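Counting from 18, one number per residue, gives the positions in the sequence shown under the working numbering.
Each residue gets a CB set at the ideal place from its N, CA and C atoms; glycine is no exception.
Bear in mind that the values here come from a model prediction, so they are computed numbers and not experimental data.
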Amino acid sequence: MSLLDEFVKKNIVDRVDAERIEQEIEDGKTLDEILLDKGSDPVAIFNVKKEYYKDMPARSFSDDLIPAEVLRYVPQKSALHYKFVPLGMGPDNNLEIGIVNPDDLSAKSAIEFITNSNNLSHTLFLIPYEYFEYIMKNYSGVKGEVKEALGMLTDSADINLDNVKAKEKSDASEKIIEDAPITKIVSNILKYAAEKRASDIHVEVWEKEVSVRYRIDGLMSKDLILPKNIHSAVVARIKILSKIKLDEKRVPQDGRFSATLLSRKIDFRVSTFPTYFGEKVVMRLLESDRGAMNIEDLGLTDKNMRAIKRAITKPYGIILICGPTGSGKTNTLYSLLNQLDKEGENILSLEDPIELNIPGVSQSQMRPEIGYTFATGLRSVLRQDPDVIMVGEIRDTETAKLAIQAALTGHLVLSTIHTNTASDVVQRLVDMGVEPYLIGPTLIAAVGQRLSQTIAPDSGNQIPIPPSTKEFIKKTVQDLPEEIQKQFIESETIFEAVPSEKYPTGTKGRIGVFEVLEMSRELEQIILADPSSLAIYDQVRKDGLITIKEDAMLKAFEGKIPFEEVMKL
Numbered sequence: 018m019s020l021l022d023e024f025v026k027k028n029i030v031d032r033v034d035a036e037r038i039e040q041e042i043e044d045g046k047t048l049d050e051i052l053l054d055k056g057s058d059p060v061a062i063f064n065v066k067k068e069y070y071k072d073m074p075a076r077s078f079s080d081d082l083i084p085a086e087v088l089r090y091v092p093q094k095s096a097l098h099y100k101f102v103p104l105g106m107g108p109d110n111n112l113e114i115g116i117v118n119p120d121d122l123s124a125k126s127a128i129e130f131i132t133n134s135n136n137l138s139h140t141l142f143l144i145p146y147e148y149f150e151y152i153m154k155n156y157s158g159v160k161g162e163v164k165e166a167l168g169m170l171t172d173s174a175d176i177n178l179d180n181v182k183a184k185e186k187s188d189a190s191e192k193i194i195e196d197a198p199i200t201k202i203v204s205n206i207l208k209y210a211a212e213k214r215a216s217d218i219h220v221e222v223w224e225k226e227v228s229v230r231y232r233i234d235g236l237m238s239k240d241l242i243l244p245k246n247i248h249s250a251v252v253a254r255i256k257i258l259s260k261i262k263l264d265e266k267r268v269p270q271d272g273r274f275s276a277t278l279l280s281r282k283i284d285f286r287v288s289t290f291p292t293y294f295g296e297k298v299v300m301r302l303l304e305s306d307r308g309a310m311n312i313e314d315l316g317l318t319d320k321n322m323r324a325i326k327r328a329i330t331k332p333y334g335i336i337l338i339c340g341p342t343g344s345g346k347t348n349t350l351y352s353l354l355n356q357l358d359k360e361g362e363n364i365l366s367l368e369d370p371i372e373l374n375i376p377g378v379s380q381s382q383m384r385p386e387i388g389y390t391f392a393t394g395l396r397s398v399l400r401q402d403p404d405v406i407m408v409g410e411i412r413d414t415e416t417a418k419l420a421i422q423a424a425l426t427g428h429l430v431l432s433t434i435h436t437n438t439a440s441d442v443v444q445r446l447v448d449m450g451v452e453p454y455l456i457g458p459t460l461i462a463a464v465g466q467r468l469s470q471t472i473a474p475d476s477g478n479q480i481p482i483p484p485s486t487k488e489f490i491k492k493t494v495q496d497l498p499e500e501i502q503k504q505f506i507e508s509e510t511i512f513e514a515v516p517s518e519k520y521p522t523g524t525k526g527r528i529g530v531f532e533v534l535e536m537s538r539e540l541e542q543i544i545l546a547d548p549s550s551l552a553i554y555d556q557v558r559k560d561g562l563i564t565i566k567e568d569a570m571l572k573a574f575e576g577k578i579p580f581e582e583v584m585k586l
């Protein structure tokens with residue numbers, strides 16, 4: 018029985034179509050291409066093939082990039098023609114090769130020739146057609162272009178500023194700017210980050226290599242390995258773009274630059290850091306043209322949404338967003354600004370840096386190097402007749418006191434502060450020197466937040482809540498009012514992420530999980546008597562505050578995030 022007969026047997030192909038499909042195969046198209054063009058399910062196609070070629074090991078889809086040193090063994094034209102691609106290098110120089118059509122004898126002959134000419138052994142794996150197409154993009158995509166640029170470099174073209182004399186630094190800098198391969202390598206590192214919507218790029222140097230890692234949806238992945246000898250040139254190119262000192266390697270430096278990639282303007286915040294093997298570079302990506310998110314897209318529950326909307330309708334007071342670095346605080350601030358009447362009110366912001374441009378808001382970039390800080394900016398902005406003031410971050414006593422003073426004098430102030438929970442905000446302000454009697458009348462709300470992985474499309478599995486998990490949930494919410502406890506205790510199922518060929522982790526993207534502390538008369542009295550985090554937490558729980566962990570539970574009940582994300586909070 019042929020493979021096509023197997024598809025007929027499984028009702029994926031009609032017997033009437035089988036003859037026409039055979040003709041298309043003779044004309045040069047693969048069976049996978051024909052079936053996919055007909056709209057057949059790619060997972061079903063691969064499952065049939067795995068059963069048919071049951072003696073051959075199979076590899077499902079993975080979005081990990083194939084190392085450049087592995088891709089070089091199979092020329093791009095050969096891969097495209099014969100529909101096989103290198104997957105990796107196993108022990109004892111064993112090249113792992115993924116093939117779409119194991120019955121293609123000419124493809125097998127080509128594989129024998131490639132591996133024998135490189136003194137390699139090989140192992141064949143059956144792969145889905147979509148995985149073959151993905152790996153082919155490695156040749157023509159970012160990684161392939163980096164590989165091509167590396168091939169253009171010669172020993173004479175290699176630039177190592179560690180060995181350049183001081184008086185020659187300027188000439189070396191010019192050479193780096195003009196060195197097409199280095200420029201191309203850096204350009205493609207940035208381009209790949211834009212394609213994958215990474216939030217950060219890490220260029221790290223080790224004893225024998227340079228690794229390029231990307232943070233995508235909060236997770237780090239190593240996607241490129243570069244030769245050690247081009248490290249100095251790559252770092253120097255980034256330094257030149259960022260306008261920071263080339264010859265300073267002993268201390269950390271900060272800089273920034275902008276680039277238009279994939280028709281998007283992206284700002285890069287650059288930080289260098291001296292390590293044992295050389296300088297590490299981290300670049301944070303900020304898309305200033307993408308616009309602020311709508312508040313409805315943040316992931317707020319109905320209860321928290323109502324609380325935040327009540328807060329931003331107040332004529333004066335202060336709203337503080339808290340959480341660790343990278344928890345989405347700035348996005349939340351911008352979303353709140355988007356809710357305000359930008360035509361009827363005078364809205365000003367003090368930011369470092371300005372991450373998004375918001376029409377109708379006068380945004381000012383802080384410049385600490387010339388003494389223009391959040392504190393000095395706050396003093397000046399009060400003379401601009403503002404209705405609403407956004408302060409990027411409250412990070413010192415002076416800024417905290419000025420923000421509270423602005424809230425007391427009839428302004429709505431929005432800002433961020435570094436605390437782990439909303440209940441810690443009051444104690445943090447007290448530690449900064451703000452008197453407790455000023456906090457109660459000015460603090461409207463404190464919003465704590467984190468980001469959690471979301472379940473990818475068609476990758477969620479609904480399961481009954483295990484008894485141990487049920488007990489954990491009951492214990493977690495036992496100090497909440499009974500009517501709120503019910504929505505947790507009465508839930509019977511949770512969702513887990515199921516890995517698939519397209520989404521190996523079963524997750525894609527992130528969503529916010531929140532806790533919203535609203536000021537109340539009872540809470541004001543607690544702040545005056547005992548402004549400790551513990552006393553405040555006890556009171557807000559009586560008021561019905563749902564914590565970040567509990568907010569994540571609700572989203573796990575709804576199938577938005579896998580329950581294992583709850584345990585990470």
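Using the rule of at least 16 other Cβ atoms within 10 Å of the residue's Cβ for burial, across every protein chain shown, is P403 buried or exposed? Looking at its Cβ environment, which holds 16 or more other Cβ atoms inside 10 Å, P403 is buried.
Under 8 Å between C-beta atoms of I501 and G561: Result yes, Cβ atoms of I501 and G561 sit closer than 8 Å.
Neighbourhood of L395 by C-beta distance below 6 Å, restricted to the same chain and skipping five residues each side: So the list reads L419, once near-sequence residues are dropped.
Beta-carbon separation of S216 and L279 under 8 Å? In this structure, S216 lies away from L279, with their beta-carbon atoms at least 8 Å apart.
Helix, strand or coil, according to DSSP, for V451 in the structure here? V451 falls in the coil class under three-state DSSP.
Alpha carbon to alpha carbon, what distance is there between Y90 and D314? Each residue's Cα considered, the two are about 46 Å apart.
Backbone CA spacing between Q556 and I461 [nearest angstrom]: Inter-residue distance for Q556 and I461 is about 16 Å (C-alpha atoms, whole angstroms).
Alpha carbon to alpha carbon, how far is S138 from G115? About 14 Å.
Rounded separation between L353 and W223 - CA only: L353 and W223: Cα-Cα distance of roughly 43 Å.
Compare the C-alpha of A75 against each of V87, V60, G377, E535 and name the closest. Comparing alpha carbon positions, the residue from V87, V60, G377, E535 closest to A75 is V60.
Classify K525 as helix, strand or coil using the three-state DSSP reduction. DSSP places K525 within a strand segment (E or B) once states are collapsed to three.
Where does M153 sit, in a helix, a strand or coil, going by DSSP? Helix, per DSSP.
Mind pulling the beta strand (DSSP E) runs of 3 or more residues that sit fully within the stretch 258 to 326? Qualifying beta strand (DSSP E) stretches, in chain order: 270 to 278, 281 to 292, 295 to 303.
Distance, Cα to Cα, N111 vs T522? For N111 and T522, the distance between alpha carbons rounds to 27 Å.
Since I247 and E226 should fall inside the 8 Å C-beta cutoff, what is the C-beta to C-beta distance between them, to a whole number of angstroms? The pair is not a contact, with the Cβ atoms about 10 Å apart (cut-off 8 Å).
Cut-off 7 Å between Cβ atoms - residues of its own chain near D496, not counting five sequence neighbours on either side: Correct list, in chain order: R558.
Do I528 and K585 have their beta-carbon atoms positioned less than 8 Å apart in this structure? It is not a contact, given that the beta carbons lie outside the stated cut-off.
Roughly how many angstroms lie between the CA atoms of V405 and Q422, to the nearest whole one? Each residue's Cα considered, the two are about 13 Å apart.
Identify whether Y99 lies in helix, strand or coil by the three-state DSSP scheme. For Y99, the secondary structure class from DSSP, reduced to helix, strand or coil, is helix.
Please confirm whether F78 and Y148 have their CB atoms less than 8 Å apart. Against a cut-off of 8 Å, the Cβ pair of Y148 and F78 comes out as a contact.
Do V251 and I199 have their beta-carbon atoms positioned less than 8 Å apart in this structure? Yes, Cβ-Cβ distance for I199 and V251 is below 8 Å.
Segments assigned alpha helix (DSSP H), at least 4 residues, entirely inside the stretch 341 to 425: Qualifying alpha helix (DSSP H) stretches, in chain order: 346 to 356, 391 to 398, 414 to 425.
Residue span of the alpha helix (DSSP H) that contains N133, given as start and end: 122 to 134 is the extent of the alpha helix (DSSP H) around N133.
Give every residue of the same chain whose Cβ lies closer than 7 Å to the Cβ of F512, excluding the five residues on either side of it in the sequence, and list them in chain order. If we look at F512 and ignore the five residues flanking it on each side, its Cβ neighbours are I472, G477, N478, Q479, A573, G576, P579, F580.
Between S57 and the rest of its own chain, which residues show a CB-CB distance below 6 Å, the 5 nearest in sequence each way excluded? Taken in chain order, the residues that qualify are I29.
According to DSSP, residues forming a beta bridge with H428: DSSP, once it has assigned bridges, lists no residue as partnering H428.
Taking 8 Å as the cut-off, decide whether the C-beta atoms of Y99 and L20 are in contact. Between Y99 and L20, the C-beta gap is not smaller than 8 Å, which leaves the two residues out of contact.
The alpha helix (DSSP H) with L52 in it runs from where to where? Where L52 is concerned, the enclosing alpha helix (DSSP H) stretches over 48 to 54.
Neighbour-count burial assignment, T232, 16 or more Cβ in a 10 Å radius: Thr is not the amino acid found at residue 232; the sequence shown has Arg there. With a threshold of 16 other beta carbon atoms within 10 Å, R232 meets it and is buried.
On the three-state DSSP scale, how would you describe D72? The three-state reading of DSSP puts D72 in coil, since its state is none of H, G, I, E or B.
Straight-line gap, N355 to E212 (C-alpha atoms, nearest Å): It is roughly 27 Å from the alpha-carbon of N355 to the alpha-carbon of E212.
Proximity winner among A253, F142, S275, relative to E265 (alpha-carbon distances): Of A253, F142, S275, the residue nearest in Cα terms is A253.
Limits of the beta strand (DSSP E) - the one that P481 falls within: P481: member of the beta strand (DSSP E) spanning 477 to 481, first to last residue.
Between the alpha carbons of K239 and A424, how many angstroms are there, rounded? Between K239 and A424, the C-alpha separation is close to 46 Å.
Hey, T433 and E410: beta-carbon distance below 8 Å or not? It is a contact, given that the beta carbons lie within the stated cut-off.
Going by C-alpha to C-alpha distance, which of P84, F290, E150 sits closest to I105? Reading off the sequence, residue 105 comes out as Gly, not Ile. The shortest CA-to-CA distance from G105 to any of P84, F290, E150 is the one to P84.
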